[in-house]
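A quick write-up on the structure given underneath.
Number of protein chains: 2
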Amino acid sequence: METSVGQDGQSDGSQRAVTLLDLARAAGVSRTTASNAFNRPDQLSPKLRARVLEIADKLGYAGPNPMARMLRTGRAGSIGVVFGKSLTYGFTDPTSIAFLKGVASVCEKEGASLLILPETGEAQVGNAIQGAAVDGFIIYCMHYLTAVNDAVAARQLPSVAVSAPETMPMSTIDIDDRSAAREAAAHLIGLGHRRFGVLALDVLGDGYDGPLRIDQMAKLECTPSVDRYRGYRDALDAAGLQDIDLRAFEVSGNSEDQARKAAFKLLSRKPRPTAILAMSDRLAVGALMAATDLGLDVPGDLSVVGFDDIPLAKAVTPALTTVHQPLEEKGAAAARLVFHPPKGRPRHVVLPTELVVRNSTGLAPDA
Amino acid sequence: METSVGQDGQSDGSQRAVTLLDLARAAGVSRTTASNAFNRPDQLSPKLRARVLEIADKLGYAGPNPMARMLRTGRAGSIGVVFGKSLTYGFTDPTSIAFLKGVASVCEKEGASLLILPETGEAQVGNAIQGAAVDGFIIYCMHYLTAVNDAVAARQLPSVAVSAPETMPMSTIDIDDRSAAREAAAHLIGLGHRRFGVLALDVLGDGYDGPLRIDQMAKLECTPSVDRYRGYRDALDAAGLQDIDLRAFEVSGNSEDQARKAAFKLLSRKPRPTAILAMSDRLAVGALMAATDLGLDVPGDLSVVGFDDIPLAKAVTPALTTVHQPLEEKGAAAARLVFHPPKGRPRHVVLPTELVVRNSTGLAPDA
DNA sequence: CCCTTCTTCTGGATCGATCAAGAAGAAAGT
DNA sequence: ACTTTCTTCTTGATCGATCCAGAAGAAGGG
Chain S
1 METSVGQDGQ
11 SDGSQRAVTL
21 LDLARAAGVS
31 RTTASNAFNR
41 PDQLSPKLRA
51 RVLEIADKLG
61 YAGPNPMARM
71 LRTGRAGSIG
81 VVFGKSLTYG
91 FTDPTSIAFL
101 KGVASVCEKE
111 GASLLILPET
121 GEAQVGNAIQ
131 GAAVDGFIIY
141 CMHYLTAVND
151 AVAARQLPSV
161 AVSAPETMPM
171 STIDIDDRSA
181 AREAAAHLIG
191 LGHRRFGVLA
201 LDVLGDGYDG
211 PLRIDQMAKL
221 ECTPSVDRYR
231 GYRDALDAAG
241 LQDIDLRAFE
251 VSGNSEDQAR
261 KAAFKLLSRK
271 PRPTAILAMS
281 DRLAVGALMA
291 ATDLGLDVPG
301 DLSVVGFDDI
311 PLAKAVTPAL
321 TTVHQPLEEK
331 GAAAARLVFH
341 PPKGRPRHVV
351 LPTELVVRNS
361 TGLAPDA
Chain P
1001 METSVGQDGQ
1011 SDGSQRAVTL
1021 LDLARAAGVS
1031 RTTASNAFNR
1041 PDQLSPKLRA
1051 RVLEIADKLG
1061 YAGPNPMARM
1071 LRTGRAGSIG
1081 VVFGKSLTYG
1091 FTDPTSIAFL
1101 KGVASVCEKE
1111 GASLLILPET
1121 GEAQVGNAIQ
1131 GAAVDGFIIY
1141 CMHYLTAVND
1151 AVAARQLPSV
1161 AVSAPETMPM
1171 STIDIDDRSA
1181 AREAAAHLIG
1191 LGHRRFGVLA
1201 LDVLGDGYDG
1211 PLRIDQMAKL
1221 ECTPSVDRYR
1231 GYRDALDAAG
1241 LQDIDLRAFE
1251 VSGNSEDQAR
1261 KAAFKLLSRK
1271 PRPTAILAMS
1281 DRLAVGALMA
1291 ATDLGLDVPG
1301 DLSVVGFDDI
1311 PLAKAVTPAL
1321 TTVHQPLEEK
1331 GAAAARLVFH
1341 PPKGRPRHVV
1351 LPTELVVRNS
1361 TGLAPDA
């Protein structure tokens, strides 16, 4: 009758953990009653409950084992976020930080935890997703979306993908990147600019820096970079400027320093561009630094328009003209959709954007 | 023998999930063999394994249920972070973001997930901690440390507390706030300053803004604010200036805007302080804004020294003189201690800090 | 006094996996 | 030919809880 417990020996250290059954025995009640003392106070008399809890305390019983409870109830009390890049990047880029903030705020309201999955590379990412004890997933824009999508879909849990094609079988949250970019470019065209440089987000996430690989764009699944580029072109087309040479550089990792170098190259060409279209505010800041390096005045000699409207955008000098997008709300909306999934078909939410004109754009110098 | 399955009816919708047993039956093997196909490829022939996995795919079996696996193996594959403030704050404050980044980078190396617990208030925080399926905890400086500490300790898991007293029964990670602050103040004293204003982090986390509540300081468990204040005083004492009136304002939520207001008040007194000791860089930035509001030149009329050395510190104008502390490394070190707990006694790590002199401090104007 | 209802508590079944021990057959050593 | 070893696979027990149906006793209604 006496179960021997491995090599324990009662010595200070890893003794077997106290379970609900131990507690029940010690209190002279059934497991269910002990369980109810924690979960259903109305199911037993207050006096008994107090006694059970007291004995639990004495035994060092912290409460029902979370893993066992999850298994039995089928709920984890948390949602998972799958990142497309290293977590280090996720906690560095202001865009994803704001997104996480939005997710976190909704989690907090729901009393749920937020599980951030490690980035393990395309081959392994399925394992992490498969093994995550969560009630739903949020997929934050990534480069190998298919692998992630398949793994998440297999879990059959409420899921939302951000900045993903609406052809995916789950709900999506997005902005209209293309028309937002179009508006940014139209603003510059309206100011008389005719020579542009583009600083593009990386297309494949493979650490490449250099001229935009237009030929690779078709491969893409996660497409802000592509959509924004098309938006820029749309504006040119609409203005009858389709023949303009739109020189574009890809910048890896949304890095200010790389953007500075790329912008330096763009601005060293003759004739020099009078405006830079940056696909993110960080890239735009890099362009500002390059302008300083070259002794160019912004917006006198050069106009710069960004994208995102991160907090830094209005803190830099000159304050950035940029496309405001609701970063936090993206996260919040995604989380809400996970907690309260739409019945029937998945929902595809498109959040509004707005061009915010500040001090980094002005009339073209040669206009 | 046929178990009826609730009200399922096979209709499109929530059909019972496929289990390992279903897979085993469909493949004509035992549960264990099916399990091994996923977890121990070496335990069965490659041919059989391929067949099992194929059938799993066909059945839509995503892989072993994470909750069941956790229960059986006793491991969750993730560590939890307990915040002392709302998650919104955690994802806003550059200090905690950097900390999380450090934690995340180590998690990624270990292939583990990062579970961020919701802030539920002092009364409920125990529940969240009790119910978290994790392999260990990191406690990030909070205001009701006792409640958190008790709940975490009850879980009997490897845990690390940040900026917590070494009297706690778990490992701790910290910097020497007191001597770092002392160094910052000594720097100003060396420049001839004799009239100081202090911008203090909130002592109780209750949203209070106003004169520093020195009388409350004894109550504290989580003590950067108190230690830094003491450090400032230490420097004054060492210089024989113990009688100086060290006027201090508490600023709630480490907010730049609130700091600006508080600094405005400090700087409106006659005679005006010539230097401001800020307990964080955000507070210091608030002081810079107040200086601008008052038409004061920094460092000509006013010197400002911050604390933390967040990225913003060197981006603002003038660049902040501040105490550099290894924010990311704090998170990384904490995570490492959770993954590889010290045998025997808990470890108390104190990371080095360094005063970084930039452009926001200069000779006292009246010296 | 009997029947119903409510409160309080209990035991067995179950969630879905992994583990330990061992069986069956093939391969190898003597 | 017989024992040993290795490979491959299986059965029963177990992880620690929650859920369901029902029992025992108290309270209330006619």
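As given, the protein sequences belong to chains S and P, one line each in that order. In case it helps, our numbering puts the first sequence at residues 1 to 367. In case it helps, our numbering puts the second sequence at residues 1001 to 1367. Note that CB positions come from ideal geometry on N, CA and C, so glycine has one too.
### Query
Can the beta-carbon of R1336/P be found less than 9 angstroms from the beta-carbon of T1274/P?
No, the pair does not count as a contact, with Cβ atoms beyond the cut-off.
### Query
Below 9 angstroms between beta carbons: does that hold for S1159/P and I1175/P?
no
### Task
Could you name the residues of chain P that M416/S contacts, counting a contact when the two beta carbons are closer than 7 angstroms?
Outside the displayed range of chain S (1 to 367) lies residue 416/S, so it cannot be described from this structure.
### Query
Relative to the alpha-carbon of V1018/P, which residue among T1353/P, I1055/P, T1095/P, L1246/P has its alpha-carbon at the smallest distance?
Of the candidates T1353/P, I1055/P, T1095/P, L1246/P, the one whose C-alpha sits nearest the C-alpha of V1018/P is I1055/P.
### Task
Give me whichever residues DSSP pairs with L1355/P in a beta bridge.
V1323/P
#### Entry: Under 9 angstroms between C-beta atoms of S1171/P and V1349/P
yes
### Task
Compare the C-alpha of R260/S against each of I276/S, S45/S, K270/S and name the closest.
I276/S
#### Entry: Counterpart residues of G80/S in DSSP-defined beta bridges
Per DSSP, L115/S, F137/S.
### Query
So R247/S is in the alpha helix (DSSP H); what residue range does that whole segment cover?
Segment 247-251 is the beta strand (DSSP E) holding R247/S; no alpha helix (DSSP H) there.
### Query
What is the rounded straight-line gap between the Cα of M1001/P and the Cα of M70/S?
Model confidence at M1001/P stands at a pLDDT of 32, short of 50, so the residue's coordinates are unreliable; what they give is reported in the following sentence. Straight-line Cα distance between these residues: approximately 27 angstroms.
### Task
Check each residue of the stretch 1153-1177 of chain P: if its Cβ is closer than 8 angstroms to any Cβ of chain S, include it; give the result in chain order.
The residues in question are A1154, R1155, Q1156.
### Message
Check whether the stretch 274-294 of chain S and the stretch 97-104 of chain S are in contact - that is, three or more C-beta pairs closer than 8 angstroms.
### Response
The count of Cβ pairs closer than 8 angstroms, one atom from the stretch 274-294 of chain S and one from the stretch 97-104 of chain S, stays below three, leaving the stretches out of contact.
### Task
Please classify Q7/S: does DSSP put it in a helix, a strand, or coil?
Here Q7/S scores only 31 on pLDDT, less than 50, and its place in the model should not be relied on; the value that follows carries that caveat. In the structure shown, Q7/S sits in coil (DSSP, three-state: anything other than H, G, I, E or B).
### Query
Mind pulling the chain P residues with CB within less than 8 angstroms of E122/S?
Residues of chain P passing the Cβ test: none, with the nearest at roughly 15 angstroms.
### Separation of C107/S from G80/S, as counted between CA atoms
So the alpha carbons of these two residues sit roughly 11 angstroms apart.
### Query
With a cut-off of 9 angstroms, does the C-beta of K1330/P fall near any C-beta of chain S?
Not one chain S Cβ lies under 9 angstroms of K1330/P.
### Query
In the structure shown, what three-state DSSP assignment does G197/S receive?
Under the three-state reduction of DSSP output, G197/S falls in the strand class.
### Query
Looking only at its own chain, which residues have a Cβ that is under 6 angstroms from the Cβ of G1197/P, when we skip the five neighbours before and after it?
R1247, L1266, P1273, I1276
### Query
Assuming D1293/P and A1313/P make a contact with CB atoms under 8 angstroms, what is their CB distance in whole Å?
Not quite, the Cβ-Cβ distance comes to about 20 angstroms (not below 8 angstroms), so this is no contact.
### Task
Can you give me, in chain order, the residues of the stretch 74-94 of chain S that have a beta carbon less than 8 angstroms from any beta carbon in chain P?
G74, A76, G77, S78, G80, S86, L87, T88, G90, F91, T92
#### Entry: Per-residue DSSP class, three states only, for T1361/P
The answer is coil: DSSP assigns T1361/P none of H, G, I, E or B.
### Query
Along chain S, which residues have their Cβ under 9 angstroms away from the Cβ of C1107/P?
L87, I116, P118
### Message
Using only CA atoms, which one of F1083/P, G1102/P, V1357/P lies nearest to G90/S?
### Response
G1102/P
### Query
Are the beta-carbon atoms belonging to D1308/P and V1323/P less than 9 angstroms from one another?
yes
### Query
Hey, out of A1024/P, G1231/P, G1074/P, whose CA is closest to R1051/P's CA?
A1024/P
### Message
Counting only C-beta atoms, is G1286/P closer than 9 angstroms to chain S at any point?
### Response
G1286/P does not count as touching chain S.
### Message
Can you pull the chain P neighbours of A60/S, defined as C-beta to C-beta under 9 angstroms?
### Response
Just to set this straight, residue 60/S is Gly in the shown sequence, not Ala. A1154, Q1156, listed in chain order.
### Task
Please determine if the stretch 1140-1155 of chain P and the stretch 1114-1125 of chain P are in contact, where contact requires at least 3 C-beta pairs separated by less than 8 angstroms.
yes
### Message
In this structure, how does DSSP classify G286/S when only helix, strand and coil are distinguished?
### Response
Three-state result, G286/S: helix.
### Query
Which residues in chain P sit within 7 angstroms of G111/S, going by Cβ to Cβ distance?
Going along chain P in sequence order, the residues near G111/S (Cβ under 7 angstroms) are P1118, T1120.
### Task
For D1206/P, write down the residues that DSSP places opposite it in a beta bridge.
None; D1206/P has no bridge partner.
### Task
Please determine, among D202/S, D150/S, D177/S, D234/S, the residue with the shortest C-alpha to C-alpha distance to A186/S.
D234/S
### Message
Does the structure place the stretch 1058-1067 of chain P close enough to the stretch 123-138 of chain S that three or more beta carbon pairs sit under 8 angstroms?
### Response
yes
### Query
Between the C-alpha atoms of F35/S and D42/S, what's the straight-line distance to the nearest angstrom?
With the sequence shown as reference, residue 35/S is identified as Ser, and Phe is not the correct amino acid for it. Put simply, the backbone Cα of S35/S is about 12 angstroms away from that of D42/S.
### Task
Note down, in chain order, every chain P residue with its Cβ under 8 angstroms from the Cβ of K101/S.
Neighbours of K101/S on chain P, chain order: L1087, T1088, F1091, T1092.
#### Entry: Cβ neighbours of L402/S in the same chain (closer than 6 angstroms, five flanking residues each side left out)
The structure shown does not extend to residue 402/S, since chain S spans only 1 to 367, so no value can be given for it.
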